[in-house]
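Undergrad: Each residue of the sequence shown is one higher than the one before, starting from 982 at the first, in the numbering used here. By construction, the Cβ of each residue, glycine as well, lies at the ideal position given by its N, Cα and C atoms. The structure follows.
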Amino acid sequence: MPTGDQTYIVTGGCGFVGANLVAALQERRPGCHVVVLDSMRTGTFANLVDACDRRGGSFEGQVIGQNIRDVYWPELIDTFTPAAAFHLGAITDTTVENEAEMIEENAGETWSEIMDACADREIPLVYASSAATYGTPPQTEAREPFPENAAGKPNNVYGFSKWLMERAHARYEQRCEAAGNRKPWIVGLRYFNVFGPGEQAKGKMASMAMQLTDQILGGGRPRLFEFGEQARDQVYIDDIVGVTLAGAGIGGRPDPEPGVYNAGSGRVTSFEEVAGAVRRGLGVSDSERPTEFIPMPPAIRRFYQDFTCADMSKAERGLGFKPSCDPAESVSSYARWLADNHG
């Protein structure tokens, strides 16, 4: 069984981001052994097969079909002694209202066990947080990028669970420093609105780019909440994979600074602009498929982030990563890809 410098552990590796990350690891580290841990609640083997195929290969690792809470983490780390661990497994549906389940799954005792197991063995650990940790910070009204220190007032329990993860990470760092030890290599990444190939299994949580494309391909008009001025940091999957690898010292700085970072495009795109980019990608005019505006239901409004935009300056300094994918161009090319692979 391969261990050490050529082994990586990826929780949630059968999900959208996780499968793309696994495929990129195999491409960047030929011959590596990737251990995927996934409960398959929302992930699927097909994501792994398709992501690896898009990069011209097959999945060559192994899958452990278990929930992260059912694993004894010291034993898992000792068994594989990975070069790095990527913790992406979580409940990610922002409309889930079972607060206890969300918090326990995403930020419960298992999260502390993962940090302990990796830090005690000096294994780099990269984990997925979320832009949902911001809620509606002061920068929203001014339509300005969010710096990392603006987070902490999430609008939904998903964002709150990710905030709890970050607070546990911060306390862990503080304990290490108080004991006279250096900060452990733990990097948290606040993913913004990720889109791209591989998200098909996300259903209602799929990106706006995919939902609007599906509506047009189905013969309808793109539908947006009134009046399409809602704006998000739309970030293409290749940039998210890039910043996640950079957190482990792959492709960015070889010695990334531990901490929590934004993971976005650093640009803001309104939903109406997304609709326009989709139409361009599909070769459809505005007059052929004009946007239909609908009222936002109150049940959604109370969870809703009207604006997000990542300040990426800290990631450039601390991780050596700078996003390279133009959001509008990427939406158009993604819409074409979806059309070519429709059905």
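Compare the Cα-Cα distances from P1118 to each of L1106, A1131, S1111 and report the closest residue.
TA: Against the sequence shown, residue 1118 aligns to sequence position 137. Comparing Cα-Cα distances from P1118 to each of L1106, A1131, S1111, the minimum goes to A1131.
Undergrad: Can you tell me whether DSSP reads V1138 as helix, strand or coil?
TA: If you number the sequence shown from 1, residue 1138 lands on position 157. Three-state DSSP puts V1138 in a helix.
Undergrad: Figure out for me which residue from E1078, S1294, E1253 has the closest Cα to the Cα of R1213.
TA: Here the question's residue 1213 lines up with position 232 in the sequence shown. Closest option to R1213, Cα to Cα, is E1253.
Undergrad: For P1239, which residues in the same chain have their Cβ closer than 8 angstroms to its Cβ, ignoring the five residues on either side in sequence?
TA: Within the sequence shown, numbered from 1, the residue matching residue 1239 stands at position 258. Excluding residues within five positions, the ones whose Cβ falls inside 8 angstroms are E1154, K1164, P1165, W1166, I1167, V1168.
Undergrad: Between the segment 1008-1019 and the segment 1045-1052, are three or more C-beta pairs nearer than 8 angstroms?
TA: With a cut-off of 8 angstroms, the segment 1045-1052 and the segment 1008-1019 count as touching, because enough Cβ pairs lie within range.
Undergrad: Using three-state DSSP, classify Q1211 as helix, strand or coil.
TA: On the sequence shown, position 230 is the one that residue 1211 refers to. Three-state DSSP puts Q1211 in coil, outside helix and strand.
Undergrad: Do you know how far the Cα of N1162 is from the Cα of E1103?
TA: On the sequence shown, position 122 is the one that residue 1103 refers to. On the sequence shown, position 181 is the one that residue 1162 refers to. Going by the C-alpha atoms only, they are around 12 angstroms apart.
Undergrad: First and last residue of the alpha helix (DSSP H) that includes N1028?
TA: The count along the sequence shown starts at 1 and reaches residue 1028 at position 47. Looking at the DSSP string, the run of the alpha helix (DSSP H) that includes N1028 is 1026-1035.
Undergrad: Quick one: grab the DSSP three-state call for L1263.
TA: Locating residue 1263 in the sequence shown gives position 282, where the first residue counts as 1. Helix at L1263.
Undergrad: According to DSSP, is Y1242 part of a helix, a strand, or is it coil?
TA: Taking the first residue of the sequence shown as 1, we reach residue 1242 at position 261. DSSP places Y1242 in strand when its eight states are reduced to three.
Undergrad: Verify whether the separation of the beta carbon atoms of R1270 and P1203 is less than 9 angstroms.
TA: Counted from its first residue, the sequence shown places residue 1270 at position 289. Counted from its first residue, the sequence shown places residue 1203 at position 222. Yes, the pair counts as a contact, with Cβ atoms nearer than the cut-off.
Undergrad: Where does M982 land, buried or exposed, given buried means 16+ other C-beta within 10 angstroms?
TA: The sequence position of residue 982 within the sequence shown is 1, counting from 1. A caution first: M982 carries a pLDDT of 48, below 50, which makes its placement in the model unreliable, though a value can still be read off. Exposed: under 16 other Cβ atoms inside 10 Å.
Undergrad: So, does the CB of A1065 fall closer than 9 angstroms to a CB anywhere in chain B?
TA: The structure shown has no chain B; it contains just one protein chain.
Undergrad: Run through the segment 1125-1213 for me and flag every whole alpha helix (DSSP H) of 4 or more residues, listed as ranges in chain order.
TA: 1138-1159, 1189-1198
Undergrad: So is F1141 buried or exposed if we call it buried at 16+ other beta carbons inside 10 Å?
TA: Reading the sequence shown from its first residue, position 160 is the one you call residue 1141. F1141 is buried by the Cβ-count criterion.
Undergrad: Three or more C-beta pairs closer than 8 angstroms, one from the segment 1060-1078 and one from the segment 1189-1203: is that the case here?
TA: no
Undergrad: Helix, strand or coil: how does DSSP classify A1000 here?
TA: As a position in the sequence shown, residue 1000 is number 19, starting the count at 1. Here A1000 sits in helix by DSSP.
Undergrad: According to DSSP, simplified to helix, strand and coil, what is I1104?
TA: Counting from one through the sequence shown, the residue named residue 1104 turns up at place 123. I1104 falls in the coil class under three-state DSSP.
Undergrad: Could you spell out the range, first to last residue, of the beta strand (DSSP E) harbouring V1017?
TA: On the sequence shown, residue 1017 is found 36 positions in, with the first residue counted as 1. 1014-1018 is the span of the beta strand (DSSP E), which, as asked, contains V1017.
Undergrad: Taking only three categories from DSSP, how would you classify V1224?
TA: Taking the sequence shown and counting its residues from 1, one reaches residue 1224 at position 243. Correct three-state label for V1224: helix.
Undergrad: For A1109 and L1319, what's the separation of their Cα atoms in angstroms?
TA: As a position in the sequence shown, residue 1109 is number 128, starting the count at 1. As a position in the sequence shown, residue 1319 is number 338, starting the count at 1. Approximately 26 angstroms, taken between the alpha carbons.
Undergrad: Between the alpha carbons of R1184 and D1195, how many angstroms are there, rounded?
TA: Counted from its first residue, the sequence shown places residue 1184 at position 203. Counted from its first residue, the sequence shown places residue 1195 at position 214. The amino acid at residue 1184 is misidentified as Arg; the sequence shows Gly. Straight-line Cα distance between these residues: approximately 11 angstroms.
Undergrad: Taking contact to mean at least 3 C-beta pairs separated by less than 8 angstroms, is the segment 1214-1232 in contact with the segment 1294-1305?
TA: yes
Undergrad: Which residue from C995, C1033, V998 puts its Cα closest to that of R1009?
TA: As a working note, residue 1009 is residue 28 in the sequence shown. Comparing Cα-Cα distances from R1009 to each of C995, C1033, V998, the minimum goes to C1033.
Undergrad: Taking the alpha carbon of I1281 as the point to measure from, which residue in N1136, G1200, D1267 has its own alpha carbon closest?
TA: The residue labelled residue 1281 in the question sits at position 300 within the sequence shown. Residue N1136 is the option with its Cα nearest to I1281.
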